[in-house]
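Let me begin by presenting the structure, written as structure tokens, before commenting on it.
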Amino acid sequence: MLLELSIKDFAIIEKLDVSFNQGMTVLTGETGAGKSIIIDAVGLLAGGRGSADFVRTGADKAVLQGVFDIAEIDNTKNALIKLGIDATNDLVITRELHKGDEVFVESMARSLI
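Everything in the sequence shown is counted per UniProt numbering, starting at 1 for the first residue and increasing by one.
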């Protein structure tokens, strides 16, 4: 479950921090308010294809960070352990979009394929 989402210099968003509670979350707002951008950010944290085009005009890089509760997801914990990543109850995934394209999981860089 996604607990927290932080977005910096991504598309039209300069800075946004959102905390989510258990249950359903609904994003509402006028056209152009940024709802789809938030969904795109979550998709990129999940491994979606990124591009330097997502970086906000005037910024050097975009930074996306998600905090996920994996306490009850044993398959995820086991996969992370096999990759040599310490699997606790919370998984923090940070993705930076800039000239290169790397994902940082637990402060370890992993190039996307």
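Think of the CB as a built atom: it goes at the ideal place given N, C-alpha and C, for glycine as much as any other residue.
Proximity to V55 [Cα-Cα], best of L64, K77, T28: Counting from one through the sequence shown, the residue named residue 55 turns up at place 55. If we check each option's Cα against that of V55, L64 comes out closest.
Run of the alpha helix (DSSP H) containing G43, from where it starts to where it stops: Locating residue 43 in the sequence shown gives position 43, where the first residue counts as 1. Note, G43: alpha helix (DSSP H), 35 to 45.
C-beta atoms of K61 and I70 nearer than 8 Å: Working through the sequence shown from its first residue, we reach residue 61 at position 61. Working through the sequence shown from its first residue, we reach residue 70 at position 70. Annotated as distal: K61 and I70, with beta-carbon spacing of 8 Å or more.
N- and C-terminal bounds of the beta strand (DSSP E) containing I81: Looking up residue 81 in the sequence shown gives position 81. For I81, no beta strand (DSSP E) encloses it; the enclosing alpha helix (DSSP H) starts and ends at 74 to 82.
From G34, N21, G23, residue whose alpha carbon lies closest to that of I13: The residue you call residue 13 lines up with position 13 of the sequence shown. Relative to the Cα of I13, the nearest Cα in the group G34, N21, G23 belongs to G34.
Residues near G29 in its chain [Cβ-Cβ closer than 7 Å; skip 5 each side]: Working through the sequence shown from its first residue, we reach residue 29 at position 29. Taking C-beta separations shorter than 7 Å and ignoring five residues to either side along the sequence, the partners of G29 in its chain run K35, following chain order.
Opposing strand residues paired with A62 [DSSP bridges]: On the sequence shown, position 62 is the one that residue 62 refers to. Beta-bridge pairing links A62 to L97.
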